[in-house]
Each structure stands twice: as C-alpha cells, then as structure tokens.
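In what follows, a structure is listed as structure tokens, so that the remarks can point back to it.
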Amino acid sequence: MAVAGVSLVALCAAAMVAPFFGPIVLCAAGFAATKLYKSRSSEPISPGNGAFLGVMTGLWLFLVVAVCAAITSYYVSSSEGREMMRAAMPKVPELAKMLDDPHQFVVTIIESLIPTFFIATISAAFGGMLAARGPARRRQS
C-alpha cells in the first residue's frame, strides 16, 4: 500500500511532465513492491509471484484513481462544481467545452478508466516480474 501511495504521487508528477512516463512509473511501482517483499521474505520469489504482486499494486493504484474519478464526476454534476472547475483551469478550453455537457464529461471519464485499468495492472506486473527475476539475496546464517 505504501508503494502504491508513493507511486500515485509520482504518477501525477510524471503526467504533468510527459504522459508517456505513466507506464514507466507504474512499472517502477511493481518493481518496488516486489523488491520490498523480496527483501523481507526468507523464501525466493518466482517471476509469476512477482507479477502477482505487481498486479496487486496496479490494482490498488487503479482503485484510488477510480474513486477520484467518481468524486470528480459527482462534483461536476452540480453547476457550482462546474463553475469552480472552469475557474481553476482557465487555460484549458477543451475542458470548458466538456463541462458544458456534464453527461459527456462523465462518459469520457468512465471510458478512460477501461484502458487505465489495463495499463496500470500490466505495467506493474511487468515491473514485478523484472524484480523477481533478479538474483536471489543470500542470507547469512
């Protein structure tokens, strides 16, 4: 959960710089979650289990994004919320056009959640597999 939280902040920062950094940050989240688990576990972890840890990290990230999307959709359904969003982002004319039709705005958010789910889980799973494939750490007895 901690890795997912830190990754969400890094994902927001990366999205502001360049959107194509998103899958890289998600891959790093799966990698970090698996490395953290691997460092605390006494048993070796297989690439399949690393992928599972990555998928779970991606799933938690997606759930947080989905909850934020639901809150935004609810917020946009009121006229006061739409006006506040217009005032907060005056340099984005596409957003102003989308806010004129709240139903279309909500549909667009829902449609964007589908690829987001697959990108989040697959990228994080790939990072988890990479971390699990690394050399096993030797423990001193």
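Heads up, the sequence shown is in the working numbering, so the first residue is 26 and it goes up one at a time. Think of the CB as a built atom: it goes at the ideal place given N, C-alpha and C, for glycine as much as any other residue. Computed from a prediction, not measured in an experiment: that's the story for all the values here.
So I49 is in the alpha helix (DSSP H); what residue range does that whole segment cover? The residue you call residue 49 lines up with position 24 of the sequence shown. Note, I49: alpha helix (DSSP H), G47 to R65.
Assign G83 to one of three DSSP states: helix, strand, or coil. As a working note, residue 83 is residue 58 in the sequence shown. Helix.
Please classify V31: is it buried, with 16 or more other beta-carbons within 10 angstroms of its beta-carbon, or exposed? In the sequence shown, residue 31 corresponds to position 6, counting from 1. Flag for V31 reads exposed.
Tell me which residue opens and which closes the alpha helix (DSSP H) that T39 is part of. By one-based count along the sequence shown, residue 39 stands at place 14. Per the sequence presented here, residue 39 reads as Ala, with Thr not at that position. From DSSP, the alpha helix (DSSP H) with A39 extends over A27 to V42.
Just verifying my parser: in three-state terms, what is the DSSP assignment at E68? Taking the sequence shown and counting its residues from 1, one reaches residue 68 at position 43. Three-state result, E68: coil.
Would you mind giving the Cβ-Cβ distance between V92 and V131, rounded to the nearest angstrom? I have them listed as a contact below 8 angstroms. The count along the sequence shown starts at 1 and reaches residue 92 at position 67. The count along the sequence shown starts at 1 and reaches residue 131 at position 106. The pair is not a contact, with the Cβ atoms about 15 angstroms apart (cut-off 8 angstroms).
Let's see if you can read the secondary structure: which residues bound the alpha helix (DSSP H) around M114? Within the sequence shown, numbered from 1, the residue matching residue 114 stands at position 89. No alpha helix (DSSP H) contains M114, which DSSP labels as neither H nor E.
Do T97 and G75 count as a contact pair if the criterion is CB distance below 8 angstroms? In the sequence shown, the residue the question calls residue 75 occupies position 50. In the sequence shown, the residue the question calls residue 97 occupies position 72. The answer is no: Cβ separation not under 8 angstroms.
Which word fits L138, buried or exposed, when buried means at least 16 other C-beta atoms lie within 10 angstroms of its C-beta? Residue mapping note: residue 138 aligns to position 113 of the sequence shown, counting from 1. With fewer than 16 Cβ atoms within 10 Å of its Cβ, L138 is classed as exposed.
What three-state label does DSSP hand G159 in the structure shown? Your numbering for residue 159 matches position 134 in the sequence shown. Correct three-state label for G159: coil.
For L88, count neighbouring C-beta atoms within 10 Å of its own C-beta (all shown protein chains included) and say buried if the count is 16 or more, exposed if not. The count along the sequence shown starts at 1 and reaches residue 88 at position 63. Flag for L88 reads exposed.
In whole angstroms, give me the CA-to-CA distance for S103 and A113. By one-based count along the sequence shown, residue 103 stands at place 78. By one-based count along the sequence shown, residue 113 stands at place 88. Approximately 16 angstroms, taken between the alpha carbons.
Please tell me whether, using a cut-off of 7 angstroms, the distance from the CB of A40 to the nearest non-hydrogen atom of the ligand MN is below it. The ligand MN is absent from the structure shown, which contains no ligands of any kind.
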